[in-house]
């Protein structure tokens with residue numbers, strides 16, 4: 043949809059997208075750290091702060107700020123269609139589909155600029171995943187697949203014991219590799235910690251690119267089933283259509299939440315990694331010694 | 055005998071005399087900000103060089119939402135109307151009218167984007183105000199020759215400084231200069247009114263959102279004003295400034311209607327600023343008259359002083375009633391009312407001058423000394439009479455409204 047026959051329209055929509063990027067680049071949200079209730083908070087001595095907030099713990103403007111950050115990074119990656127966002131005058135991802143207890147994990151620098159984001163979303167109700175009345179997770183809608191049908195272990199799990207990992211994104215203007223790694227680790231620590239606290243969560247779902255986000259699951263030590271053979275199912279006009287058609291194969295996954303003991307060990311290793319003089323080497327060692335495994339299943 | 059029944063509270067509709075709980079809470083919050091943050095710095099900001107700007111006050115005001123009062127909630131704002139703006143500005147102006155105008159001018163710069171009804175324009179500019187760092191806007195109308203009236207065709211013909219626009223491909227090119235633009239020195243963008251080349255007057259007046267960091271924009275001299283010194287009235291010079299066509303507000307030639315609508319809406323808010331100035335001066339004088347003893351009696355017990363205080367109180371109250379009515383109507387009537395805001399501003403501006411003058415006379419020599427802040431109120435009161443309609447302009451608007459019916 044991003045290619046329009048009319049060059050003037052294309053130019054106008056590219057300018058719209060460029061303005062939205064500039065807008066989002068400018069916004070800061072240091073007051074996120076001052077919100078009265080947060081689910082997770084770690085403040086580092088160098089000013090980096092990682093927070094976990096439920097949707098209902100956020101003010102509207104903070105929520106719009108996070109959704110705007112998400113949209114801007116996807117736009118920079120080329121995973122969002124500028125035509126679609128311009129025609130709908132979008133400046134952030136829609137908030138309507140968010141649930142009150144969806145979790146938003148965010149890392150901020152000392153100025154309040156969002157450096158990274160990761161979402162943990164659930165679905166309404168508590169039906170078995172195999173139940174035909176069960177609400178689908180967004181990943182299932184995007185890939186046109188019922189995960190309970192392709193991963194039998196999932197079928198007998200109630201849907202409220204499943205969370206979807208969504209939008210693991212870095213600030214694209216952050217080019218320093220070590221800085222990016224640091225943000226990744228901070229967000230994984232946050233995700234692991236909140237999952238550890240939510241005793242009911244047994245499975246994580248989502249979608250990943252093999253050579254990118256899959257590594258995050260390995261770092262967390264997750265036993266992961268990668269679903270192969272699905273086809274993008276979002277309609278062409280959907281603003282996220284490109285996220286499934288314009289990048290390397292994106293595959294749905296189902297991952298077991300490790301035991302509290304194993305997850306706790308993984309989090310301690312991640313904390314140690316932050317102190318390491320050579321974080322890249324430490325990360326490799328972590329993945330090699332305690333990384334997760336991947337099993338491939340056909341859709 | 056049948057007793058009259060008191061209606062249950064929920065049956066009593068809110069009136070102008072009883073603000074909604076949300077607006078009462080807003081008033082309390084802004085009052086606290088004004089007393090705690092603005093008051094301690096008002097004198098220093100007033101006596102600083104003309105180009106001094108106190109970002110800390112703006113930042114503190116932004117923290118309580120003053121830069122996003124009228125921004126819809128869908129863009130992260132508070133979604134308030136003119137009534138909320140007016141109530142907030144009275145509170146700020148009671149401590150410092152110049153600071154009130156910083157926030158008021160920013161809202162004036164937001165107004166055309168809001169009035170445009172253009173979702174893309176709104177999405178590109180309104181979320182700017184919902185981040186943690188304060189972003190200011192301004193509204194650029196006034197010019198050297200045309201003053202606030204850009205609609206007189208001959209102005210364009212004779213003036214060299216009139217801002218003009220011409221279309222070049224998918225951009226417009228702006229040239230010319232603006233004057234006395236509040237926030238012009240510090241704003242991110244200016245909603246700028248320009249006449250299309252060859253089309254002077256109402257038909258060609260067009261409003262553009264101009265990024266003030268664009269090539270060709272020069273933020274000129276700051277006026278060294280008598281009052282309102284906390285805000286910066288600045289020249290803006292445009293030399294071949296390219297503005298993308300998407301930044302036209304409402305289309306070519308829509309500037310006249312936008313200008314009229316925002317002016318009618320803004321007058322209620324400016325009347326509220328006048329009310330704040332009058333109230334601030336009155337409160338100082340009231341406290342002084344309670345404290346000062348002359349001839350064995352407190353000043354307030356002297357008949358001449360008591361009479362003055364009573365007149366001042368009445369003027370403050372009447373000003374408030376008029377601006378509340380005007381703001382309420384501006385929020386609830388389309389097109390925006392002309393008569394009520396003009397009456398409110400005409401009355402409140404004059405009341406502010408009279409009340410501050412009386413307050414000064416009650417305080418005697420102390421009122422004439424800077425540290426007591428009274429002379430600042432008087433200087434500020436004289437300024438409010440000028441912008442968003444002088445008494446003469448307001449009189450024309452009011453009189454035209456009076457005779458509107460007869461034309462039918």
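Protein chains in written order, with our numbering: chain A, 43 to 341; chain B, 55 to 462. By construction, the Cβ of each residue, glycine as well, lies at the ideal position given by its N, Cα and C atoms. All figures in this text were calculated on a predicted structure; none of them were measured in a lab.
- When C-alpha distances from residue 152 of chain B are compared across B/286, B/83 and B/381, the shortest belongs to B/286.
- Among the CB atoms of chain A, one or more fall inside 8 Å of the CB of residue 177 of chain B.
- Here residue 308 of chain B carries a coil assignment [DSSP, helix/strand/coil].
- By the criterion of a C-beta distance shorter than 7 Å, residue 328 of chain A is surrounded in its chain by 261, 311 and 315, once the five residues flanking it on both sides are discounted.
- Take the alpha-carbon of residue 172 of chain B and the one of residue 304 of chain B: they are about 7 Å apart.
- Around the beta carbon of residue 182 of chain A, a 10 Å sphere encloses 16 or more other beta carbons of the protein chains shown; the residue is thus reported as buried.
- As the crow flies, the alpha-carbon of residue 420 of chain B is around 60 Å from that of residue 225 of chain A.
- When C-beta distances to chain B are compared with 9 Å, the residues of the region 78 to 112 of chain A below that value are 101, 102, 103, 104, 105, 106, 107 and 110, in chain order.
- Within the same chain, 117, 124, 127 and 128 come within 7 Å of residue 59 of chain A by CB-CB distance, once the 5 residues on both sides are set aside.
- Per DSSP, reduced to three states, the secondary structure at residue 246 of chain B is strand.
- Judged by DSSP secondary structure, residue 283 of chain A falls outside any beta strand (DSSP E) and instead within the alpha helix (DSSP H) spanning 283 to 287.
- In chain order, 178, 181 and 182 make up the part of chain B whose C-beta sits under 7 Å from the C-beta of residue 65 of chain A.
- Proximity of residue 164 of chain B to chain A, defined by a Cβ-Cβ separation below 8 Å, is not satisfied.
- Interface with chain A (8 Å Cβ-Cβ cutoff): residue 101 of chain B is excluded.
- Counting C-beta pairs closer than 8 Å gives three or more between the region 331 to 341 of chain A and the region 187 to 206 of chain A, which meets the contact rule.
- Residue 122 of chain B and residue 235 of chain B have their alpha carbons spaced roughly 20 Å apart.
- Listed by position along chain A, the residues whose Cβ is nearer than 9 Å to that of residue 224 of chain B are 50, 53, 54 and 57.
- Taken in chain order, the members of the region 139 to 160 of chain A whose beta-carbon sits within less than 8 Å of a beta-carbon on chain B are 154.
- Residue 128 of chain A belongs to the set of residues whose beta carbon lies under 8 Å from a beta carbon in chain B.
- Setting aside the 5 residues that flank it on each side, residue 332 of chain A is surrounded in the same chain by 263, 307, 308 and 311, each with a C-beta closer than 8 Å to its C-beta; the list follows chain order.
- Residue 208 of chain A carries a strand assignment under DSSP once its states are collapsed to helix, strand and coil.
- Going by DSSP, residue 431 of chain B is part of the alpha helix (DSSP H) stretching over 428 to 438.
- The beta carbon of residue 298 of chain B sits closer than 8 Å to some beta carbon of chain A.
- According to the DSSP assignment, residue 75 of chain B belongs to the alpha helix (DSSP H) that extends over 75 to 87.
- For residue 192 of chain A, the uninterrupted alpha helix (DSSP H) segment begins and ends at 189 to 192.
- Residue pairing by DSSP places residue 285 of chain B in no beta bridge whatsoever.
- Within chain A, no C-beta atom comes less than 7 Å from the C-beta of residue 348 of chain B; the nearest is roughly 51 Å away.
- With respect to residue 265 of chain A, residue 291 of chain A sits apart: the two C-beta atoms are not nearer than 8 Å.
- In its chain, beyond the 5 residues on either side, 363 have a beta carbon closer than 7 Å to the beta carbon of residue 340 of chain B.
- By the neighbour-count criterion, in which a residue is buried when 16 or more other Cβ atoms sit within 10 angstroms of its Cβ, residue 108 of chain B is buried.
- Taking the Cβ atoms as the reference, residue 244 of chain B lies roughly 5 Å from residue 192 of chain B, within the contact range of under 8 Å.
- Pairing residue 267 of chain A with residue 337 of chain A gives a Cβ-Cβ distance under 8 Å.
- Shown here, residue 220 of chain A sits in a helix according to DSSP, grouped into three states.
- Short of 6 Å from the beta carbon of residue 366 of chain B, and not among the five residues preceding or following it, lie these beta carbons of its own chain, in chain order: 336, 409 and 412.
- Contacts between residue 445 of chain B and chain A, judged by CB atoms closer than 9 Å, are missing: the closest CB pair is about 40 Å apart.
- Contact of residue 188 of chain B with chain A is not assigned, every C-beta pair being separated by 8 Å or more.
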